[in-house]
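In the working numbering, the protein residues as written are 2 to 673.
Just so you know, even glycine gets a beta-carbon here, dropped at the ideal spot from N, CA and C.
Since the model is a prediction, treat every value here as computed from it, not as a measurement.
Report on one structure; see the data block that follows.
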Amino acid sequence: MQNQHTKVDYLFAGAGASATLLLMCMEKQGLLKDKKILILDPDTKQNNDKTYCFWSDQNEQLALKCQHLISHQWDEVSVNQNEQESLLPKKYYHITGIDVYKELRRIIDEHHLQRIPSSVIELTPIENGIKVITDTDVWESSLVFDSRPPKYLPLKKDDAHLLQSFIGYVIATDEPISNRNCVDLMDFNVEQLGATQFMYVLPLGEGKTLVELTRFGLEPITENEAKPILDVYINHRFGKYQILHTETGCIPMSTAAIAVESLPGVVPIGGRSGAVKPSTGYAFKNMFHHAERLADSLKRNTKPAVIVESSRFRFYDRLLLLILTRQPSQGKSIFEALFKKNETKNVLEFLDEKSTLFQDIRIFLTLPTMPFLKALGWVVSSRIQKLITPFILLLLSLLFLLIYKSSPQIFNWIQIVMFTLGMFMVGIPHGAVDHLLETGNLKSRIKPSFVINYLGLAFLNLILWIFFPIGALLFFIGYSAWHFGQTDLREWKPKTTNALKNTAWGILILTIILCGHVAETNSILGNMNALKIPFDNIMGKQISVLLSLVGITWAIFEKRWMMLISSLMLLVSIELPLITSFGLYFIGQHSMNGWSHLKQGIKVNNTSLYLKALPFTIGALVLFAAFIFLLRNDYLSAFNENLITIFFVFISCISFPHVMAMNRFYNSRQKQ
2 MQNQHTKVDY
12 LFAGAGASAT
22 LLLMCMEKQG
32 LLKDKKILIL
42 DPDTKQNNDK
52 TYCFWSDQNE
62 QLALKCQHLI
72 SHQWDEVSVN
82 QNEQESLLPK
92 KYYHITGIDV
102 YKELRRIIDE
112 HHLQRIPSSV
122 IELTPIENGI
132 KVITDTDVWE
142 SSLVFDSRPP
152 KYLPLKKDDA
162 HLLQSFIGYV
172 IATDEPISNR
182 NCVDLMDFNV
192 EQLGATQFMY
202 VLPLGEGKTL
212 VELTRFGLEP
222 ITENEAKPIL
232 DVYINHRFGK
242 YQILHTETGC
252 IPMSTAAIAV
262 ESLPGVVPIG
272 GRSGAVKPST
282 GYAFKNMFHH
292 AERLADSLKR
302 NTKPAVIVES
312 SRFRFYDRLL
322 LLILTRQPSQ
332 GKSIFEALFK
342 KNETKNVLEF
352 LDEKSTLFQD
362 IRIFLTLPTM
372 PFLKALGWVV
382 SSRIQKLITP
392 FILLLLSLLF
402 LLIYKSSPQI
412 FNWIQIVMFT
422 LGMFMVGIPH
432 GAVDHLLETG
442 NLKSRIKPSF
452 VINYLGLAFL
462 NLILWIFFPI
472 GALLFFIGYS
482 AWHFGQTDLR
492 EWKPKTTNAL
502 KNTAWGILIL
512 TIILCGHVAE
522 TNSILGNMNA
532 LKIPFDNIMG
542 KQISVLLSLV
552 GITWAIFEKR
562 WMMLISSLML
572 LVSIELPLIT
582 SFGLYFIGQH
592 SMNGWSHLKQ
602 GIKVNNTSLY
612 LKALPFTIGA
622 LVLFAAFIFL
632 LRNDYLSAFN
642 ENLITIFFVF
652 ISCISFPHVM
662 AMNRFYNSRQ
672 KQ
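If you want it as structure tokens, here you go:
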């Protein structure tokens, strides 16, 4: 039960390493003085449940500023128990989770920060801050640093999502390890079990050693799988042993986009900010550097710093993770070649994303060729497939233009047939499964309350058209623009998205279509007794061409090919009739993209989804027939002049409840 509503300056959603590092950097900058700071985490962090490791030059700020946290450090590394290599001037560092938590408690005590064992349920923007709803209280904060575990958007065809899971023993052995200054980064002399598995060995001093079995795989390793492998390995290498402590964990290795709330005042940190490198699972170094830049931006009162990913290295990560996902047997040979044929210091520079393109090429030439060529083929194929539909749409618009200019009468029949088929094959069906969106379950039944609510909203829209056509038109254009932009930008994934950007793109599209066909648009508006466009057809086309060029420029700025092709299609469609121009966009682009999002979100194929949409598609046909009957009634003669007008009114009436349902669907996917 919520029982408070208190304001703080900074609120931390999570009390792990990223929060601790940020507070350390804020402390160095004097940013904790005279500030009300709240830290929320349901876990009180009393156990040594994590280990953080990183490599760094001894004189780097990371090593210097975290020196008091470092429990062990090593100068040498080996792979597969081969000859040790010196890392100097770098070292490999180890920090225990419990030492991180002790540091957090020190900062809390010294600066009188508030800490509550509570979970964040919801973040909501308010004036001058964020409202934070927890399982017990409500808070307001100027800034929220959100380090809750990341959730990922649905995988694209060229995405990969693996788990780096591990089970390790801190052991005591009768015989001391010969070289306690050397870390075994990877030892692949273990069973692979259909994944990529290796041993990770850290000499901890005082007769203790961490021996950890790590798996890169689709499923996390279980204790039943790990125990016999660990036992055989430890007995063979170290002899008799005693288990002092067990470590377990699971780190996501993903190329999928992280779903975060893009709210002003909410700053993702830790894994939620993209700090985990997809191909290795290492994150501590990225978290530290992000914390430094965040503290600096807070000191200067500028926009909070974000982690900027390298598209080149994310591409490398994608190739490797696709191989580990689809050809897990290749993982062992790739990693063995990586460390055998390259100096470890060069490999670590590469993994730190500090190598040059020339150095990258030299490293890739030492690796098995075929797995990477196959992975490259998967990526290229996936991205070409994404461009096929927009290209077909562009080519179709050019074909339509050719037919229209050469034989308008034949084209008139073609556009009627194509538009009708398109509407009832995908245009209406993509909005006919709204009853599934709240649960995301294909087996969800249609509730009578849902039908009543849906039809009720449609009927209210019809009443608005009958009595206030101008208001209905403006309302229709407004929510359509927002919805069109939301669907398109979700498909294209530009650098940033928000409601304003969605609406701006949607308005651009509708303006191109409507102003490019002033005469036809004004004919429809006249039948609706609504406002008319106050200029002629020539000026309308000029405006539409100019706005199409704006769309092309926007697409180039965003570096989104599909957005560029869409803008070119809209440019061509200016010379086609209005119904064709609208149909190419609404059916060929908007509805197809929406249908694809539904399939991904509900996780079904075309046939299953279409069968679920069929009752509502048939219902739409019946409703359309009813609208024609009502709108051709003598009492409504103002609307009975133009069938296209009737159809647009019909689309408006069934669109609004659909737009609301899709917005809830997109928001729910964003938070997952």
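Can you give me the start and stop residues for the alpha helix (DSSP H) that K346 sits inside?
T345 to L352
Going by DSSP in three states, K672 sits in which element: helix, strand or coil?
Low local confidence applies: a pLDDT of 49 at K672 is under 50, so the model's placement there is unreliable, and no value is given.
With DSSP collapsed to three states, give me the class of A64.
helix
Give a yes or no on whether the C-beta atoms belonging to A614 and V434 are separated by under 9 Å.
yes
As assigned by DSSP and simplified to three states, the class of P658:
helix
Whole angstroms is fine: what's the gap from I270's alpha carbon to L214's?
28 Å
Once the 5 residues before and after K29 are set aside, which same chain residues still bring their CB inside 8 Å of it?
K66 and A296
Cβ of P203 within 9 Å of Cβ of W75?
Reading off the sequence shown, one finds Leu at residue 203, where the question assumed Pro. Yes, the pair counts as a contact, with Cβ atoms nearer than the cut-off.
Status (buried if at least 16 other CB within 10 Å, exposed otherwise) for D160
buried
Which residue from E576, S330, V171 and I178 puts its Cα closest to that of G218?
S330
Contacting residues, own chain, Cβ-Cβ under 6 Å from G486 (five flanking each side not counted):
N503, T504, W506 and G507
Quick one: give me the first and last residue of the beta strand (DSSP E) that D739 is part of.
The requested residue 739 does not occur in the structure, where the chain is confined to residues 2 to 673.
Does the Cβ of P430 have 16 or more other Cβ atoms within 10 Å, making it buried, or fewer, making it exposed?
buried
Residue from L377, F558, K406 and A662 with nearest C-alpha to L599
A662
Cβ pair Y11, L144 closer than 9 Å:
yes
Rounded distance between the beta-carbons of L186 and V78, thought under 8 Å
5 Å
Please specify which runs of the alpha helix (DSSP H), each continuous and at least 4 residues long, are wholly inside the segment 483-551, giving them in chain order.
500-516 and 519-528
Rounding to the nearest angstrom, what Cα-Cα distance links G550 and I544 in this structure?
Here the sequence assigns Leu to residue 550, which means Gly is not the residue at that position. Rounded to the nearest angstrom, the two C-alpha atoms are 10 Å apart.
Can at least three beta-carbon pairs, one atom from the segment 88-95 and one from the segment 341-350, be found at a separation below 8 Å?
yes
Using only alpha-carbon positions, find the residue among Y586, F146, V418 and I335 that is nearest to A306.
F146
Span of the beta strand (DSSP E) holding T249?
Y242 to S255
Distance, Cα to Cα, H95 vs E354?
21 Å
Three CB pairs or more closer than 8 Å across the segment 315-325 and the segment 273-292
yes
Around the C-beta of A626, are 16 or more other C-beta atoms found within 10 angstroms, so that it is buried, or is it exposed?
exposed
Compare the beta carbon distance of G272 and I259 with 9 Å and say whether it is the shorter of the two.
yes
Cβ-based neighbour list, C654, same chain, cut-off 6 Å, excluding 5 preceding and 5 following:
A459, N462 and L463
Using DSSP bridges, identify the partner residues of T197.
F217
Taking all protein chains shown into account, do 16 or more other C-beta atoms lie within 10 angstroms of the C-beta of M2, making it buried, or fewer, making it exposed?
Confidence at M2 is low in this model, with a pLDDT of 41, below 50, so the placement of that residue should be treated as unreliable; the coordinate-derived value is given next. Counting Cβ neighbours within 10 Å, M2 comes out exposed, since fewer than 16 surround it.
Using DSSP with H/G/I as helix, E/B as strand and the rest coil, what is P329?
helix
What does V233 pair with, by DSSP beta-bridge criteria?
Note: V233 sits in no beta bridge, so no partner.
Mind reading off the beta-carbon distance from A14 to L105? Whole number of angstroms is fine, and I expect it under 8 Å.
Between L105 and A14 the Cβ distance is about 14 Å, and since that is not below 8 Å, they are no contact.
Alpha carbon to alpha carbon, how far is A473 from W466?
5 Å
G17 in three-state terms, based on DSSP
coil
Where L70 and D50 are concerned, what is the direct C-alpha to C-alpha distance, given to the nearest angstrom?
15 Å
Cα-Cα separation, E176 to V212:
15 Å
For the putative contact between V121 and V133, defined by C-beta atoms under 8 Å, what is the C-beta separation to the nearest angstrom?
6 Å
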